[in-house]
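Heads up, the thing below is written out as structure tokens.
2 protein chains.
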Amino acid sequence: MSVTDELLANAERYAATFDKGALPLPPAKHVAVVACMDARLNPYGILGLSEGDAHVIRNAGGVVTADELRSLAISQRLLGTTEIILIHHTDCGMLTFTDDDFRSGIEREVGIRPPWAAEAFTDLDADVRQSVRRIQADPFIPVKDSVRGFVYEVETGKLREVR
Amino acid sequence: MSVTDELLANAERYAATFDKGALPLPPAKHVAVVACMDARLNPYGILGLSEGDAHVIRNAGGVVTADELRSLAISQRLLGTTEIILIHHTDCGMLTFTDDDFRSGIEREVGIRPPWAAEAFTDLDADVRQSVRRIQADPFIPVKDSVRGFVYEVETGKLREVR
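Those sequence lines, one after another, are chains A and B. Mapping of the first sequence onto this note's numbering: residues 1 to 163, in sequence order. Mapping of the second sequence onto this note's numbering: residues 164 to 326, in sequence order.
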């Protein structure tokens, strides 16, 4: 049995006691979260989110690339979110390599250099600020009054604001 | 008080009882989930995931674009995941508009046409298959033995596999 099959058994249990079938499409709290994909970072637990509350956008690093700008534009323009919460975290995998090394390693193995930047970084707080600035500079996201960035500490469970 | 401030108060409560400070960086279940950002789709609840279990990648639609391929390459190559679970869902916002209309509307308002495709779709199952195929066709993701796609039913809580 694969891990996927094991998780599908969990999904059957979730459906068996499901009672949230009438929630509306727009997020109740009008918030979009952009966070790293890291397994230890659970936005629902940390922020106390429940089904229906917020859009959750995640990728390697919690960085803001074209796809996050697309998702945020859709989130605000079509589904009425107005606040953005960015979350990076300590002990992030993105701190352990450089873009050049990662892409050159793939090129050596596969024979093709990836067309994307890996988005690795060396300074957590600086990359949170970089992500905030990418949102502030984007012409397609209409509401930028509340774009706040944070570092989640995987060692302590604490969320620290980056200013 | 903004909603962000309200969620930060939740984060303080999460940290106060935090007991997961020793979890390793690589996901324990070696799984990466790619799901829609929709507020009603909670991958932790549905799949029974806990902190430390799996990478969770999310965007508008749960579609696979360059940034998801980047995240999956990092997930597999640097952090050892080997199974991929894709989740779209019923009543998705991406079913309610067309790329052309969304991008033309922004162009009329802002004066600039977005450089990205909005990735709207008209057929849920077909778009799940499209996302699976984009992963299967990617040269930088090494492990493709278990790439399975699903539709989550927001009305019933059920997860249905797309074949």
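We put the beta carbon where it would ideally sit given N, CA and C, even for glycine.
Q) At which residue ranges does the stretch 180-242 of chain B contain complete alpha helix (DSSP H) runs of 4 or more residues, listed in the order of the chain? A) Listed in chain order, the alpha helix (DSSP H) runs fully inside the stretch 180-242 of chain B are 206-210 and 229-242, counting runs of at least 4 residues.
Q | Distance, GLN239 (chain B) Cα to ASP308 (chain B) Cα | A | Rounded to the nearest whole angstrom, the CA to CA distance from ASP308 (chain B) to GLN239 (chain B) is 12 angstroms.
(Q) With three or more C-beta pairs closer than 8 angstroms as the rule, is the stretch 197-204 of chain B touching the stretch 245-259 of chain B? (A) A contact is defined here as three or more CB-CB pairs under 8 angstroms, and the stretch 245-259 of chain B meets this definition with respect to the stretch 197-204 of chain B.
Q. If THR244 (chain B) sits next to PRO190 (chain B), beta carbons under 8 angstroms apart, how far is it from one beta carbon to the other, in whole angstroms?
A. Right, the Cβ-Cβ distance comes to about 6 angstroms (below 8 angstroms), so this counts as a contact.
**Q.** At least three beta-carbon pairs within less than 8 angstroms, the stretch 131-144 of chain A to the stretch 104-116 of chain A
**A.** No: fewer than three Cβ pairs fall under 8 angstroms.
Q: For VAL110 (chain A), count neighbouring Cβ atoms within 10 angstroms of its own Cβ and tell me buried if that reaches 16, exposed if not.
A: Exposed: under 16 other Cβ atoms inside 10 Å.
(Q) Starting from GLY268 (chain B), trace the alpha helix (DSSP H) in both directions and tell me its first and last residue. (A) Element bounds for GLY268 (chain B): 262-273.
Q: Identify, in the order they occur along the chain, each residue of the same chain with its Cβ nearer than 7 angstroms to the Cβ of LYS192 (chain B), setting aside the five sequence neighbours on each side.
A: For LYS192 (chain B), same chain residues with a beta-carbon under 7 angstroms away, outside a window of 5 residues either side, are ASP216 and ALA217 in chain order.
**Q.** Nearest to PRO139 (chain A) (by Cα), restricted to the options B:ILE248, B:TYR207, B:GLU231 and B:GLU270
**A.** Considering only alpha carbons, the answer is B:GLU270.
**Q.** Anticipated Cβ contact below 8 angstroms, VAL184 (chain A) with GLU119 (chain A), distance rounded
**A.** There is simply no residue 184 (chain A) to check, as chain A begins at 1 and stops at 163 in what is shown.
Q | Close beta carbons around SER71 (chain A), own chain, < 6 angstroms, minus the five adjacent residues each side | A | Once the five neighbours on either side are set aside, the close Cβ partners of SER71 (chain A) are ILE57.
Q. Given that a residue counts as buried once 16 or more other Cβ atoms are within 10 Å of its Cβ, and exposed if not, what is PRO43 (chain A)?
A. Counting of Cβ neighbours within 10 angstroms places PRO43 (chain A) among the buried residues, the total reaching 16 or more.
(Q) Could you compute how far the alpha carbon of LEU152 (chain A) sits from the alpha carbon of LYS158 (chain A)? (A) For clarity, residue 152 (chain A) is Tyr in the given sequence; the question names Leu instead. For TYR152 (chain A) and LYS158 (chain A), the distance between alpha carbons rounds to 6 angstroms.
Q) Should THR156 (chain A) go down as buried or exposed, given a rule of 16 or more other Cβ atoms within 10 Å for buried? A) Classification of THR156 (chain A): exposed, given that the 10 Å Cβ count is below 16.
Q | chain A contacts from the stretch 182-197 of chain B (Cβ-Cβ distance under 9 angstroms) | A | Cβ contacts with chain A come from ASP182, LYS183, GLY184, ALA185, LEU186, PRO187, LEU188, PRO189, PRO190, ALA191, LYS192, HIS193, VAL194, ALA195 and VAL196.
Q. Which value, in whole angstroms, describes the spacing of the CA atoms of SER267 (chain B) and LEU188 (chain B)?
A. For SER267 (chain B) and LEU188 (chain B), the distance between alpha carbons rounds to 43 angstroms.
**Q.** Neighbouring residues, chain A, relative to SER165 (chain B) (Cβ below 8 angstroms)
**A.** Those are GLU83 and SER146, listed as they occur along chain A.
Q) Going along chain B in order, which residues have a C-beta closer than 9 angstroms to the C-beta of HIS88 (chain A)? A) Those do not exist, as HIS88 (chain A) stays about 14 angstroms from chain B at its closest Cβ, beyond 9 angstroms.
Q.
Can you pull out the residues from the stretch 203-223 of chain B whose beta carbon lies closer than 9 angstroms to at least one beta carbon of chain A?
A. Correct list: ARG203, LEU204, ASN205, PRO206, TYR207, GLY208, ILE209, LEU210, GLY211, LEU212, SER213, GLU214, GLY215, ASP216, ALA217, HIS218, VAL219, ILE220, ARG221, ASN222 and ALA223.
Q: Tell me, please, whether the CB atom of ALA174 (chain B) is closer than 8 angstroms to any CB atom in chain A?
A: At a cut-off of 8 angstroms, the C-beta of ALA174 (chain B) has a neighbouring C-beta in chain A.
Q.
If we define contact as Cβ-Cβ less than 8 angstroms, is ARG208 (chain A) a contact residue for chain B?
A. The requested residue 208 (chain A) is not part of the displayed model; chain A covers only 1 to 163.
Q) Whose Cβ in chain B lies nearer than 9 angstroms to the Cβ of THR122 (chain A)? A) What THR122 (chain A) touches in chain B: nothing, since even the nearest Cβ is about 16 angstroms away.
Q) Which chain A residues sit within Cβ distance under 7 angstroms of THR228 (chain B)? A) Going along chain A in sequence order, the residues near THR228 (chain B) (Cβ under 7 angstroms) are ASP67.
Q) What separation, rounded to the nearest whole angstrom, lies between the Cα atoms of TYR177 (chain B) and GLY48 (chain A)? A) Cα to Cα, the separation comes out at about 8 angstroms.
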